[in-house]
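Q: Chains as they are written, first to last, in my numbering: chain A, 49 to 291; chain B, 290 to 1055; chain C, 360 to 512.
Ideal placement from N, C-alpha and C gives every residue a C-beta, glycine not left out.
Keep in mind that this is a model prediction, so the values were computed, not measured.
If you scroll down you'll find the structure; I have some questions about it.
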Amino acid sequence: MTPAAFAFSRTARWEELPALLAEPGAIPVAGAQSLMPMMALRVAEPARLVALDALPGYRDVRQSPGLLHLGAGVTHATAEDGVGPEPLRGWLARVAGGIAYRPVRNRGTIGGSLALHDPAADWPVALLALRAVAVLRHGTAERRLPLQEFLVGPFTTALAPGEVLAAIEVPRPPEDARFGWCKLAPSAGAFAEASAAMLQIPGAPPRVAVSSPEGARLMPDAPLPDDPHLARLREVALRRATA
Amino acid sequence: MEAKGWIGASLPRREDRRHLLGQGVFAADLSAPGMLELAFLRSPVAHGRIKALRRPGSAPVFAAGEIGPITLLPAGPDMPSFRQAPYPPLAEDVVRFVGQPIAACLAANRFAAEDLVAQCEAEIETLPALPDVAAALAPSAVALHPGWADNRYASGHVKAGDVAALDAPLKIRRRLSLGRQSAAPMEPRAMLAVPDRRTGELVLHISSQGPHTLRHALARMLGIPEARLRVVAPDVGGGFGAKNRLMPEEVVACALALRLDRPIRWVEDRREHLMAGAQAREHLYDLTLHATRDGIALGLEGDLWVDAGAYALWPTGAFAEAGMAARNLGGPYRIAHLDLHHHTVATTKPPMGPYRGVGRTGACFAIERLLDALADETGLSRVEIRRRNLITQQELPRVTASGLALDTGDYRAALDAVEAMLDREAIAARRAAGERIGVGIALYTEQSGHGTAEWAGRRNRVVPGHEAATLRMHPDGSLTLLTAIQSHGQGLETSLAQIVAEELGVHPDVVEVRHGDTGLSPFGFGTFASRSLVFAGGAAERAAQALAGKLRRIAAQLLQTEASEVVLRDGAACAGPASVPLADIAHAALLRQERLPAGEPPGLEAHVTYSPPEEGGVFSYAAHAAVVRVDAETGAVQLLDYCVAEDCGTMINPMIVDGQVKGGVVQGIGTALTEELRFDAEAQPLSTTFADYHLPEAAFLPEIRVTHLVTPAHSTVHGAKGVGEGGAIAPPAAIAAAVEEALADFGARIDATPVSPRRVLAAISR
Amino acid sequence: MMRLTINGTGHQVPAEPRESLAHVLRDRLGLTATRLGCAQGSCGACNVLVDGSPVRACLLPASLAEGEDITTLEGLRDDAAMAALREAFQAEHALQCGYCTAGMLLAARDLILRGRAHDAAQVRAGLAGQLCRCTGYDGIVAAVQRAARTLSR
């Protein structure tokens, strides 16, 4: 269980990224907490890792009146310990606290989780329900995509070649909004067998996201897992998140 | 009698300090100049014929026949009816499980060695996989090994009384099964083989439970004298059985070290451990319990099958697994009639090895589930059904129907004690509040410290019926105990020192204990089968007694008294008000022999070989109770309480006993709820990392509550019995019973482990 | 050449980018208290501190750790929290084979310093992802609380 050889680069300049990532087999790396296990099994064999952690603003947390801005490099542990205004702060902490284990959360990033889009991951589902927007950056050019457009399919996103996920913007919900979250996993910190998230803003229909074979999806359009056991768990998660 | 100060003392362990400072030394911590690291090309298919091996031209890649002369050893019980399936260190023409080593790749480090593996490819013509017992025993199944009439290593029969003639009013039949497991010590296996050019020895540092027997097997396979092979087990990060068999990797590492005259290191990674290490459990039972309407179990008949995998591991193969299960099926109960056929079956899965609880975890699960069924059938409580069938204290000692010589104890007292630990009122209140809660109880006996008669009766190729100790007092009065067991968490460095200190009236701190090194200690068998305290403790005690005798004789001379008047205490030999420090006696015995009594030879060293008189072993036992809450929507089982009332005779160090019990219980909880090595229909492994193979975690567990009953054994060191395995025996039975009770209104039946959410939901909907 | 700061000392290590921090610590620098149990981040035997917080050394390419302040168990000999934990681990029989111990100590220290060791339930939850195969965890849970009490006095 050792990774195949790769080259390594780190840059503190956004404008250098597209060229570094243009090399065949080059991929960006944030906390490496999902990538390293895959590399150790040699199911991922990147030719070059391009570290994003030195980029300006990459770990920033900023608040504007209607928005929480999270740099893609904000770690799960940072979210667990509290970012942004209530009630969002508590909700994000709750999701973050269930991801893997504290030492993994200390390195793993929200952006990395979204950009990998493992269909069993937590952030894609939770942030999709929370109406988050992905901030994509190519060199100095930025564009914004709602998560439902960013999360294309399992392990697939709308990132274009040379483009990286720079930040996530989460709209600040009203004080009386409710958030429901249910993750069913075989053990504490394991990847979800089913997860569901719900944002209930008074006066609006609830916004419900679930994990699915196609990745995080909004209800009612999420396909059911083929495995009847997982399909059943999915129904339970939905029921509990929306209760 | 002197005060027995050190026996029964919860002395803090001397092992702890080095580990707490990060200074323990495990095999993977070792390196040597010029060392090469080894990685293996392993079979990607469960069964196939190797047609060709493609490899980079000049790279150091070694296939079967290229690592030097190897003599395969027969393995399994020494009887003609056990079919031979010796495990080649590298596959010769056929591969028989996914993960079987095909070629050895060497490089300067593990990264490069794995790069080399990635450049190699075996061209394999696929043969039919035999993913389980049913497939292996199907009439159309291919024979896994040449010349075999069917895919059975062996079958056996345990018969007592006459079940057929019972004509019992109740016959309860159940098919039960136990999942396949990995022992999964936190330290995977690891080794470094170093040719010592000065001595001509090959020194193998290896994470092993039994260096001496391993040396014997390796030397024979490699064709070198045992005197030129030294096996050293440094700190070993848990074994649980997984490090007590000859495995192909150490043969290859040693062969290549000899062939290339270079140090070779191999460190197992977790995937290799889960995919190709020795595996465990996986029992199937089809049993019928014969009983009276008032709940008396009379007889048991049926079959049990063990999925032993593709090869027999030296020395015993997996035969003991099925044989012990069959012989232990009667449990601590008064079942007089047995008619049990057991089958050790070959499949295209990794070989089965021993794992904490060998055989008995399955046997306990089977008989306890049957007793629960009998309780349900007769309308008696699950406690009452056991009370009626348990062998009573008055009936002990007793030889069971299967020939186990139960020695001392009071099984009903254990049942009562565990029942008293439960808070039945609180449980009832939670149930009344709508929680789905169940309670399960299970009992077992644990054969421990068994000797020559037992092992020879099993036709073992190695009969671990003795253990030796050398106890040496140095000129300053400090002591070294050399023992051939290997302590890897059991705290034997501490408890053996307590035993020696007790005899010599010294503080344990002056007794160094050295183990796990064929170059240091006398021959012995190692640590397994709940034997070390009984065997090595017994040997240490005898050695200390021998040394004490000599110390008294010399002291008598120095104190001008009779040896019988001399008492050893507080580091001195005392006779009335007079005393002489042991250091002075040691000084005399070793450096100033003119001070010795006439005729007393110089030197202060005792060497003892000890065989426990009760060769059938001494039996620890326990009653376990589990309280669970079941989520009927998700199938999740939460363990709310776990109670143990156990008796392992005299406790040398109660703190260590508690640790052994609790650790064993939690492994048993893994068997019961979380751990399963799963395979697909082509026998491809599906559980190859800890993300797929779930060990129990702290967050998932309640405190394990333990009560001790103490019934000393008759003949062992201070009346102690073995305790290492016991905890792991009963949890699957107790927890399955608890889950079943929690789901009683569904009429659900729990007959397989692990009791995973999938199985719970399936049981509900059945 | 990789530049790493470990236990307060700068090292220049001729490591490949693919080497994990755990590998560099163990095989290039001889700091073997950091142990490998799974190489997947699941077991916690390889915990080290990076800028004071525990991380999995098996999941961190050493190249990513350049410029960070890395501490292993060897670097905490004089740490007050670690001294309390060592005493408590021995008193509560919180280790048997010792293989998980270094990672467990680093995780436990973090729990205490973050104020997450008040009761058994909190400690158990906080030790998610720290596997021990020997003890059944009771001793560990008791030891972490004991050390937390010692340090709060």
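What do you get for residue 880 of chain B, buried or exposed, if any count of 16 or more other CB atoms within 10 angstroms of its CB means buried?
A: The residue in question, residue 880 of chain B, is exposed, as its Cβ has fewer than 16 Cβ neighbours within 10 Å.
Q: Do you know whose CA, among B:665, B:601, B:631, lies nearest residue 583 of chain B's CA?
A: Of the listed residues, the one whose Cα sits closest to residue 583 of chain B is B:665.
Q: Using the three-state DSSP reduction, which class does residue 1044 of chain B fall into: helix, strand or coil?
A: Three-state result, residue 1044 of chain B: coil.
Q: Leaving aside the five residues before and after residue 340 of chain B along the sequence, list all residues of the same chain whose C-beta is less than 7 Å from its C-beta, in chain order.
A: Taken in chain order, the residues that qualify are 412, 413, 414.
Q: Mind listing the chain B neighbours of residue 499 of chain C? Cutoff is C-beta to C-beta under 9 Å, in chain order.
A: 987, listed in chain order.
Q: Please name the residue in B:980, B:736, B:870, B:847 whose C-alpha comes closest to that of residue 85 of chain A.
A: Minimum Cα distance to residue 85 of chain A is reached at B:980.
Q: Mind reading off the beta-carbon distance from residue 594 of chain B to residue 422 of chain B? Whole number of angstroms is fine, and I expect it under 8 Å.
A: About 5 Å separates the two Cβ atoms, so the contact holds.
Q: Starting from the beta carbon of residue 460 of chain C, find every residue of chain B whose beta carbon is closer than 9 Å, and list them in chain order.
A: Simply 305, 308, 309, 311, 313.
Q: Who are the near neighbours of residue 291 of chain B in its chain, counting only those whose CB is closer than 8 Å to its CB and skipping five residues on each side?
A: The predicted position of residue 291 of chain B is uncertain, since its pLDDT is 39 and thus under 50; a value taken from the coordinates is nonetheless stated next. Around residue 291 of chain B: 794, 856, 857, 858.
Q: So, helix, strand or coil for residue 49 of chain A, using DSSP?
A: Three-state DSSP puts residue 49 of chain A in coil, outside helix and strand.
Q: For residue 383 of chain C, does the count of other Cβ atoms within 10 angstroms reach 16, so buried, or fall short, so exposed?
A: By the neighbour-count rule (16 or more Cβ atoms within 10 Å), residue 383 of chain C is buried.
Q: Confirm, please, whether the CB-CB distance from residue 685 of chain B to residue 695 of chain B is below 7 Å.
A: In this structure, residue 685 of chain B lies closer than 7 Å to residue 695 of chain B by Cβ.
Q: Going along chain A, which residues have a C-beta under 8 Å from residue 377 of chain C?
A: Going along chain A in sequence order, the residues near residue 377 of chain C (Cβ under 8 Å) are 50, 51, 52, 53, 54, 87.
Q: Taking the alpha-carbon of residue 804 of chain B as reference, which of B:829, B:903, B:451 has the nearest alpha-carbon?
A: Nearest C-alpha to residue 804 of chain B: B:829.
Q: Beta-carbon within less than 8 Å of residue 442 of chain B's beta-carbon, same chain only, minus the 5 sequence neighbours each way: which residues are those?
A: Correct list, in chain order: 365, 371, 372, 374, 597, 601, 606, 607, 608, 633, 634, 635.
Q: Using a Cβ cut-off of 7 Å, pull out every chain C residue sitting near residue 294 of chain B, in sequence order please.
A: Result: empty, since nearest Cβ-Cβ is about 20 Å, beyond 7 Å.
Q: Which residues of chain B have a Cβ atom closer than 9 Å to the Cβ of residue 232 of chain A, listed in chain order?
A: What residue 232 of chain A touches in chain B: 923, 925, 1046.
Q: Just confirm the distance between the C-beta atoms of residue 672 of chain B and residue 704 of chain B, as a whole number of angstroms; I'd bet it's less than 8 Å.
A: So it is a contact: roughly 7 Å between Cβ atoms.
Q: Checking contacts by CB at 7 Å: is residue 401 of chain C closer than that to chain B?
A: So yes, residue 401 of chain C belongs to the interface.
Q: Counting pairs of Cβ atoms below 8 Å between the segment 928–948 of chain B and the segment 905–918 of chain B, do you hit three or more?
A: Verdict: yes, contact present.
Q: Kindly indicate if chain C contains any beta-carbon less than 7 Å away from that of residue 1058 of chain B.
A: Nothing about residue 1058 of chain B can be reported from this structure: the residues present for chain B run from 290 to 1055 only.
Q: Around the C-beta of residue 476 of chain B, are 16 or more other C-beta atoms found within 10 angstroms, so that it is buried, or is it exposed?
A: With 16 or more other Cβ atoms within 10 Å, it is buried.
Q: Do you know offhand how far residue 486 of chain B's Cα is from residue 492 of chain B's?
A: Between residue 486 of chain B and residue 492 of chain B, the C-alpha separation is close to 10 Å.
Q: 7 Å is my cut-off, CB to CB: does residue 526 of chain B come that close to chain C?
A: It does: the Cβ of residue 526 of chain B has a partner Cβ on chain C nearer than 7 Å.
Q: From B:352, B:481, B:418, pick the residue whose C-alpha is nearest to that of residue 972 of chain B; which is it?
A: Closest by alpha carbon: B:418.
Q: Can you pull the chain A residues whose beta carbon is under 9 Å from the beta carbon of residue 963 of chain B, in chain order?
A: Under the 9 Å cutoff, chain A gives 234, 235.
Q: What does residue 672 of chain B pair with, by DSSP beta-bridge criteria?
A: Bridge partners of residue 672 of chain B: none, in fact.
Q: Under a CB-based cut-off of 7 Å, is residue 284 of chain A close to chain B?
A: Closer than 7 Å to some Cβ of chain B, the Cβ of residue 284 of chain A qualifies, so yes.
Q: From residue 1024 of chain B to residue 952 of chain B, what does the alpha carbon distance come to, in whole angstroms?
A: If you take the alpha carbons of residue 1024 of chain B and residue 952 of chain B, they lie about 16 Å apart.
Q: At a cut of 8 Å, does the segment 1028–1041 of chain B reach the segment 394–401 of chain C through at least three beta carbon pairs?
A: The segment 1028–1041 of chain B vs the segment 394–401 of chain C: no contact.
Q: If you draw a straight line from the C-alpha of residue 62 of chain A to the C-alpha of residue 121 of chain A, how long is it?
A: Near 14 Å, if we compare the C-alpha coordinates of residue 121 of chain A and residue 62 of chain A.
Q: Determine the DSSP secondary structure at residue 819 of chain B, reduced to helix, strand or coil.
A: It is coil, neither helix nor strand.
Q: Is the distance from the Cβ of residue 285 of chain A to the Cβ of residue 235 of chain A below 7 Å?
A: Taking 7 Å as the Cβ cut-off, residue 285 of chain A and residue 235 of chain A do not qualify as a contacting pair.
Q: Would you identify the three-state DSSP class for residue 1030 of chain B, choosing helix, strand or coil?
A: Correct three-state label for residue 1030 of chain B: helix.
Q: Starting from the Cα of residue 424 of chain C, find the closest Cα among C:391, C:365, C:497, C:463 and give me that residue.
A: The candidate whose alpha carbon is nearest that of residue 424 of chain C is C:365.
Q: Would you please verify whether the beta carbon of residue 124 of chain A is less than 7 Å from any beta carbon of chain B?
A: Chain B, which has no Cβ nearer than 7 Å to the Cβ of residue 124 of chain A, makes this no.
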